[in-house]
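What follows is one structure encoded as C-alpha cells, with my remarks underneath.
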Amino acid sequence: MKPPHTSRNLEKLRDAAVRFHNRATKYHAQGEAIRPERLYLRALQLQQLVCGPEHPEVAHTLNNLALYYKALGRLAEARPLYERALAIFRTTQGASHDNTAATLFNLAELMKAQAKEMEQHAHQTERDAREMAGARHAAEAAHRDDDLFLLVVKRRGIGERVYASTGPVVPT
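Sequential numbering from 928 applies to the sequence shown in our numbering.
As C-alpha cells, this is what we get:
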C-alpha cells in the first residue's frame, strides 16, 4: 500500500488547490454569489494540508476569500481573514513586500467600510431616539398647550362648554 502523502500525491493536491482557487477567483469576478466561497474554502483546506497553515499560498486564498466576503457585505467574516493573511505575509515575505502592502490596503478598506456601516447605524439610532423623544415631547407639549388653552379660555370667559378634557372649546 502506498503512503497517502507521497511527493506525487502532494503535487496533485497542490495542483487541485490551485485549480479550486483559480475557479473561485473567476466566479467571484463574474459576480457569482455562492460557488466562490465553497471553492475558496476547498482550496484553503488543501493548501493548509499540503503547504502548511503559514504558507503564502494560504495567505493569498485568505485574502481573496476576504475580498469575496467584503463584496457580499459580510464584513465581520472578512476581517479575521485579512488579519491572518497579513500576519502570514509579514512573517514569510516581510513588511515591505507587495503582498503585505496589498493585504494591508485591503484591510484598511474593510475597516473604512465597517466604520461607515457603524456610522450609518449610529445615525439611524440617533434618528430613532430623536423620533421617540420628539413623540414624547410633542405629546407633553400638546397636553401643556391644551391645559394653557383651557386656562386662558376660562380666565377670559371666552367659552363655557368644553368637549372632553382635550376637545375643542366652543364659544357661546
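A virtual CB, placed ideally from N, CA and C, is assigned to each residue, including glycine.
>> Just to confirm, is the Cβ distance from I970 to A993 under 8 Å?
In response: The residue labelled residue 970 in the question sits at position 43 within the sequence shown. The residue labelled residue 993 in the question sits at position 66 within the sequence shown. Checking the displayed sequence, the identity of residue 970 turns out to be Ala instead of Ile. With contacts defined by Cβ atoms closer than 8 Å, A970 and A993 do not form a contacting pair.
> In chain order, what residues of the same chain have a beta carbon less than 6 Å from the beta carbon of E1036, not counting five sequence neighbours either side?
Replying inline: The residue labelled residue 1036 in the question sits at position 109 within the sequence shown. Closer than 6 Å at Cβ, skipping near neighbours: no residue.
> By how many angstroms is the C-alpha of G958 removed from the C-alpha of F1032?
Replying inline: On the sequence shown, position 105 is the one that residue 1032 refers to. On the sequence shown, position 31 is the one that residue 958 refers to. Going by the C-alpha atoms only, they are around 22 Å apart.
>> Can you find the residues in the same chain that come closer than 6 Å, C-beta to C-beta, to Y1090, ignoring five residues on each side of it along the sequence?
In response: Position 163 of the sequence shown, counted from the start, is the residue given in the question as residue 1090. A caution first: Y1090 carries a pLDDT of 43, below 50, which makes its placement in the model too unreliable to give a value.
> If L966 and L940 are in contact, beta carbons under 8 Å, what's the gap, nearest whole angstrom?
Replying inline: Translated into positions along the sequence shown, residue 966 becomes position 39. Translated into positions along the sequence shown, residue 940 becomes position 13. About 15 Å separates the beta carbons of L966 and L940, which is beyond the 8 Å limit, so they are not a contact pair.
> Within this structure, are the beta carbons of Y954 and R946 separated by less than 8 Å?
Replying inline: Here residue 954 corresponds to residue number 27 of the sequence shown, with the count starting at 1. Here residue 946 corresponds to residue number 19 of the sequence shown, with the count starting at 1. In this structure, R946 does not lie closer than 8 Å to Y954 by Cβ.
>> Assuming the contact rule is C-beta atoms closer than 8 Å, A951 and Q974 should be a hit. Round their C-beta distance to whole Å, please.
In response: As a working mapping, residue 951 is identified with position 24 in the sequence shown. As a working mapping, residue 974 is identified with position 47 in the sequence shown. That pair is no contact at about 12 Å.
> Taking only runs of the beta strand (DSSP E) that begin and end inside the region 965 to 999, which ones reach a length of at least 3 residues, in chain order?
Replying inline: List check, beta strand (DSSP E) in window: nothing returned.
> In this structure, does DSSP put T933 in helix, strand or coil?
Replying inline: Position 6 of the sequence shown holds residue 933. Residue state, collapsed to three classes: coil.
> Count the other CB atoms within 10 Å of the CB of E964; is the residue buried (16 or more) or exposed (fewer)?
Replying inline: Numbered from 1 along the sequence shown, position 37 holds the residue referred to as residue 964. Answer is buried; the Cβ neighbour count reaches 16.
>> Spatial neighbours of A960 within its chain, please: C-beta separation below 8 Å, excluding the five flanking residues on both sides.
In response: The count along the sequence shown starts at 1 and reaches residue 960 at position 33. Contacts found: L999.
> So T1030 and N991 are in contact, right, with Cβ under 8 Å, and what is the actual spacing, rounded?
Replying inline: Position 103 of the sequence shown, counted from the start, is the residue given in the question as residue 1030. Position 64 of the sequence shown, counted from the start, is the residue given in the question as residue 991. Contact between T1030 and N991 is absent: CB atoms are separated by about 10 Å, not below the 8 Å threshold.
>> Measuring only the C-alpha atoms, how far is E1010 from E938?
In response: The residue labelled residue 1010 in the question sits at position 83 within the sequence shown. The residue labelled residue 938 in the question sits at position 11 within the sequence shown. If you take the alpha carbons of E1010 and E938, they lie about 28 Å apart.
>> Quick check: the Cα distance between Q1047 and T933, rounded to an integer number of angstroms?
In response: Taking the first residue of the sequence shown as 1, we reach residue 1047 at position 120. Taking the first residue of the sequence shown as 1, we reach residue 933 at position 6. Answer to the nearest angstrom: the Cα atoms are 54 Å apart.
> Going by beta carbon distance, what residues of the same chain come within less than 8 Å of R935, once the five residues before and after it are set aside?
Replying inline: Counted from its first residue, the sequence shown places residue 935 at position 8. Hits under 8 Å: none found.
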